[in-house]
Amino acid sequence: MSIKEKLKGFIMGVVITSLFFSTVSFASSVEKNIKVIYDNIKIYIDGKIIALKDANGNEVEPFTYNGTTYLPVRGVSSALGKNVEWDGNTNSIYISSAKQGTVIVLNIEEEKVDNTYLETTINIIRQRLTAIGINEAKVFNVEDKQIRIEIPQVPTMGKDNLINYLTAKAMLKFLDNQNNIILDSNDIVGSKSQYGSINGTDSKQYYVVIEFSEIGKQKFADATKRISALEGKDNHIAIALDDGIIATPRVEEEIISDLSILTGDFTEESANKLAALIDSGVMPLTLKCIKYEVIE
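What the sequence shown shows, in the numbering used here, is residues 9 to 304, in sequence order.
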C-alpha cells in the first residue's frame with residue numbers, strides 16, 4: 009500500500025465506533041477535515057491476533073493521527089469481553105464489565121442541583137440497592153443532571169417496582185386524627201426488618217422496627233398520651249410514607265419508647281424494602297427514570 013493510499017481524508021462525524029474529534033468545548037462539537045494514516049495495524053490480546061468489528065459485525069481498522077494511534081472503542085471493548093454503549097444525548101461512551109445486566113438512567117428534575125444533595129442521593133440509591141441484595145451495582149453522576157445505575161444482573165423486582173423503590177422520596181410521617189404531623193423522618197435514626205414473635209405470641213412474622221431519636225421519643229410519648237385519651241376512631245395514629253398510609257394503629261396508652269414496631273402482611277422482601285426506605289433517609293432530589301435497559 010502506497011503512502012498516498014494510506015492517507016484518507018474525511019469529514020469528521022461519527023468515526024467507526026463513535027469516535028469523535030472536536031475542539032476542547034463542552035458546549036458544542038466542531039467538524040473538521042483531517043488526514044489519518046491506515047497502516048495495517050494489528051491488535052493482539054494475550055498473544056492472539058484479533059479482528060476488530062463494529063456493531064454490525066464489519067471489520068474496522070485502527071489508524072494514526074498526529075502521532076497517536078486510535079482504536080475503535082466498540083471493537084476493542086468487545087474483544088476484551090466488555091459491554092459498550094453509546095449515549096447520543098450526552099455524547100458519552102460507557103464501557104462496563106457485565107455482558108448481561110440492567111442499565112437505569114435517572115434524570116434529576118430540579119433546575120439547580122447542590123453537590124451535597126447529589127452525593128446524598130447517590131449514596132441513598134446505593135444503600136437501597138444493597139438492602140435488596142444488589143451489592144455490585146455502579147451508581148454515578150453523568151452530564152446533564154443524570155444518575156446512571158449499572159447492575160450486573162436482572163433484578164428479580166419488576167421494572168416499575170424497582171424504579172418506584174429507587175426514586176421514592178421516602179418521607180415518613182406520624183399523623184394524628186387531624187392530620188397534624190406528630191413526628192417525621194427527621195426524628196428517626198434507623199429502621200430494620202426482623203422475623204420473630206411479637207408480644208410473647210407463638211406465631212412468627214416479618215415486621216419492621218423504627219428507632220426514634222431522643223426528640224422523636226419525646227414527641228411520640230406526648231402524642232400517644234394525648235391520643236390515648238380520645239374516644240372511638242380518634243384514638244389512632246396514621247403512619248404515612250410519602251402520599252400513602254401504611255398503618256393506622258390504635259393508641260390505648262402513653263408509649264414511652266424509642267422503638268415503634270410495624271406489623272402486617274409482610275413478606276421478607278416487603279419488610280426489607282420498607283425498612284430500607286425508612287433507614288436510607290429522605291431522597292433530597294426528585295428523580296425520573298428516562299432509561300431502563302436489560303442487556304442480554
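Backbone N, C-alpha and C fix where the C-beta goes; we use that ideal spot for every residue, glycine too.
- In the three-state scheme derived from DSSP, where H, G and I count as helix and E and B as strand, Asn115 is classed as strand.
- The C-alpha of Arg136 lies about 21 angstroms from the C-alpha of Ile269.
- In the three-state reduction of the DSSP assignment, Gln161 falls in the coil class, being assigned neither a helical nor a strand state.
- Nearest neighbour of Ile116 by Cα position, chosen from Lys299, Glu304, Val84, turns out to be Lys299.
- When DSSP reads this structure, Gly198 sits in a beta bridge with Glu219.
- Remark: C-beta atoms of Ile140 and Ala279 do not approach each other more closely than 8 angstroms.
- The three-state secondary structure of Asp168, taken from DSSP, is helix.
- Taking a C-beta distance under 8 angstroms as the contact criterion, Leu60 and Gly75 do not qualify as a contact pair.
- A straight-line Cα-Cα distance of about 21 angstroms links Ser100 and Leu295.
- Contact annotation: Phe220 and Ile196 have beta-carbon atoms nearer than 8 angstroms.
- Exclusion of the five residues before and after Glu69 leaves Tyr46 as the residues of its chain whose Cβ lies within less than 6 angstroms of its Cβ.
- Within the same chain, and ignoring the five residues on either side of Val302 in sequence, the residues whose Cβ sits closer than 7 angstroms to its Cβ are Thr110, Val162.
- One alpha carbon belongs to Glu304, the other to Glu262, and they sit about 56 angstroms apart.
- Ile103 is the residue among Phe274, Ile103, Asn207, Thr124 whose C-alpha sits nearest the C-alpha of Arg156.
- Pairwise C-beta distances place the stretch 194-211 in contact with the stretch 286-295, as three or more of them are shorter than 8 angstroms.
- Under the rule that a run must span 3 or more residues, the beta strand (DSSP E) segments found entirely inside the stretch 205-290 read 213-220, 246-249, 252-255, 267-270.
- Relative to Val259, the option among Ile247, Asp251, Gly252 whose CA is nearest is Ile247.
- Around the beta carbon of Glu119, a 10 Å sphere encloses fewer than 16 other beta carbons of the protein chains shown; the residue is thus reported as exposed.
- CA-to-CA, the gap between Gly252 and Glu67 works out to about 55 angstroms.
- Collapsing the DSSP output to three states places Glu127 in a helix.
- Per DSSP, the unbroken alpha helix (DSSP H) holding Val81 starts and ends at 81-87.
- In this structure, Ala255 sits away from Gly240, with a CB-CB distance that is not shorter than 8 angstroms.
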